[in-house]
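Step one of this worksheet: look at the structure below.
In our numbering, the protein residues as written are 98 to 165.
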């Protein structure tokens, strides 16, 4: 079985984007402390993540921190 993904949380309010570009469509708004699960894909400073209800998109690494 695959190991579970590292849980990350939003360090501040932000957005999940459809592409690794803040000019792309917003998938959803994200609040501080929201849990996100990295898929393992990266593009520069961007990390692809999934949320608890299945939304998938891109968030800048600077908005994420390891879950406590």
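C-beta: ideal position from N, C-alpha, C; glycine also.
In this model, residue 128 and residue 159 are separated by some 14 angstroms (Cα to Cα). For residue 140, the enclosing beta strand (DSSP E) stretches over residues 132-140. DSSP, reduced to helix, strand and coil, places residue 159 within a helical segment of the structure shown.
Bridge partners of residue 104 according to DSSP: none are assigned.
Closest option to residue 124, judged by alpha-carbon separation, among 108, 164 and 145: 145.
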